[in-house]
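The structure appears below as C-alpha cells.
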C-alpha cells in the first residue's frame, strides 16, 4: 500500500484554512446557520467526531457510532450533539468531549445533557475555564457520565455571550479497563492515545482548584512553591526553605500557552539544572491547534517536571528560578504557570535491630531436623509521620 503525500504548499494552505491540525484531512463543511448531511460512516467504531468553528465551520464525516450531524445555533450560543444509547455500540463504554476555546477568565463554556425523551436536563459542568484569570487559548476534556449516556440523549454545549470564543469540539468513544492504582491519592479516570493520564478531578467538569499547601507522605514532602495562576514573562523565582538535607527533589508544575519548541530553564541556587520536561503528545490530539501565524501549539494546561539532584539543594532557603526561552519565529503568546511544587525526598530513619534474646535452634533427633523458633520481625518506623489529606 503506497503512502500519499501532499505537496508542502497544499499542506500549508490546509493548515492556514482550518487552523486545526487534526482536521487537515477533512473535506466536508457546513454553514453557521444549517446542519451538514454527512451520513457516510467515517470508519471504525472508535473514530472521533470533530468539529472546527474557526475561522470557518468544518465538520468531519460522521463516525459509525453517530446517527446525525451536530446542530449549531449561534443565536442561542449553543451546539447540540446527539449521542446514541451505549447498547447500540457494545464495545463503547463512555465518551470524552474536548473543547478548545479562548478563555477570558469568565468561567468558560457550560456542558449540559438532555435526556432522549427531552423531558430532563442535567448539568455536567458549570464552566470549563478559568475564573478571573484570562489565559487565552485553553482546552478541557470531560468524561461524560455513564449514568447519563447509557440511555442516549443530547450533549449541549453553551457559551452565552462568548460563542465566538469556541474554536473546536471533539467527541471520542472510550473503553473501560480494570486498572490497579498505586497510592491512595491517585484517581486516574481517563488515558488518551498518548498515554497521558487524567485525574478524575480534571475530567469531571468541575472548576479546578489550586493544589495549595504542603503534603507529607512518609519520607516525601510535597512543598508548594506557588499554586495560583502566575504569568511567566521572562523568569520567576521561588524560595524553598529546607529543614535539613534531602536525597533529591522533583520540581513539578503546569504550564499553559507554551510553544512546543519553547523551553522552561531551571536554576537552583544560581546553578543551571536543566529544562522542564513535558510528556509527548499525539498529532491527532484535539488540543493541538495552530497559532495565528500557522505554528503548532497545545491548548490547555500541560504537566511538566524536572529532577533536582541532592547536591544542588542545601539546608536553609533555596532559590529556584524558572526562565522562559522562546523559540524562533514565535508569536509571543502569554505563558502561565500554576500548581508549582517541589517534591523532596528525605532520608529514612536508620533501622535499629530490636534488642531481643537470640533464638537457639533445637535438634530433633527423632526426625533428624532442626526446629527453629518463630521469627519476630519488627519494621522500622517511618521517618516522617504520614499525613495524607485528600486535596481537591
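In our numbering, the protein residues as written are 40 to 431. Don't be surprised by glycine CBs; every beta carbon is placed ideally from N, CA and C.
Span of the alpha helix (DSSP H), counted from its first residue to its last, around residue i
i           : result
residue 270 : No alpha helix (DSSP H) contains residue 270, which is instead part of the beta strand (DSSP E) from 269-271.
residue 34  : A query on residue 34 cannot be resolved here, the shown segment of the chain reaching from 40 to 431 and no further.
residue 187 : 185-188
Host beta strand (DSSP E) of residue i (start-end)
i           : result
residue 150 : 149-154
residue 262 : 259-265
residue 110 : 110-112
residue 160 : 160-164
residue 103 : Premise fails: residue 103 is in no beta strand (DSSP E) and is neither H nor E.
residue 224 : From DSSP, residue 224 is part of no beta strand (DSSP E); its letter is neither H nor E.
residue 311 : 310-314
residue 255 : 254-256
residue 235 : Element bounds for residue 235: n/a, residue is neither H nor E.
residue 336 : 335-337
residue 170 : Here residue 170 belongs to no beta strand (DSSP E), and DSSP marks it neither H nor E.
residue 248 : Taken as a continuous stretch (DSSP letters only), residue 248 belongs to no beta strand (DSSP E), as it is neither H nor E.
residue 218 : Unbroken run through residue 218: none, as it is neither H nor E.
residue 329 : 327-329
One or two residues paired with residue i in a DSSP bridge
i           : result
residue 288 : 347 and 383
residue 88  : 210
residue 142 : 175
residue 193 : 121 and 153
residue 279 : 357
residue 362 : 274 and 304
residue 294 : 341 and 376
residue 180 : 137
residue 450 : Since the first residue shown for the chain is 40 and the last is 431, residue 450 is missing from the structure and cannot be characterised.
residue 229 : 237
Residue i, buried or exposed, once every other Cβ within 10 Å from all chains shown has been counted against 16
i           : result
residue 127 : exposed
residue 188 : buried
residue 279 : buried
residue 340 : buried
residue 168 : buried
residue 99  : buried
residue 298 : buried
residue 211 : buried
residue 179 : buried
residue 165 : exposed
residue 170 : exposed
residue 371 : exposed
residue 389 : exposed
residue 108 : buried
residue 101 : buried
residue 326 : buried
residue 221 : exposed
residue 218 : exposed
residue 288 : buried
Spatially closest choice to residue i from the options, by CA coordinates
i           : options               : result
residue 382 : 90, 255, 115 and 146  : 255
residue 315 : 306, 237, 323 and 322 : 306
residue 205 : 328, 106 and 313      : 328
residue 175 : 304, 146 and 300      : 146
residue 156 : 193, 168 and 181      : 193
residue 186 : 97, 134 and 308       : 134
residue 6   : 326, 266 and 276      : This structure leaves residue 6 out entirely; the chain is present only between 40 and 431.
residue 215 : 88, 184 and 201       : 184
residue 243 : 96, 162 and 88        : 162
residue 89  : 261, 324 and 303      : 324
residue 312 : 350, 141, 132 and 337 : 350
residue 103 : 131, 113 and 112      : 131
residue 386 : 257, 92, 332 and 222  : 257
residue 190 : 153, 224 and 181      : 153
residue 245 : 367, 181, 354 and 110 : 181
residue 354 : 303, 259 and 284      : 284
residue 199 : 118, 87 and 345       : 118
residue 241 : 233, 253, 234 and 228 : 228
residue 367 : 322, 302 and 380      : 302
residue 270 : 238, 338, 121 and 363 : 363
Integer-rounded CB distance, given that residue j should sit under 8 Å from residue i
i           : j           : result
residue 293 : residue 373 : That pair is no contact at about 15 Å.
residue 208 : residue 138 : 6 Å
residue 123 : residue 106 : 5 Å
residue 274 : residue 360 : 6 Å
residue 378 : residue 173 : Their Cβ separation, rounded to whole angstroms, is 18 Å, which puts residue 378 and residue 173 out of contact at 8 Å.
residue 113 : residue 202 : 6 Å
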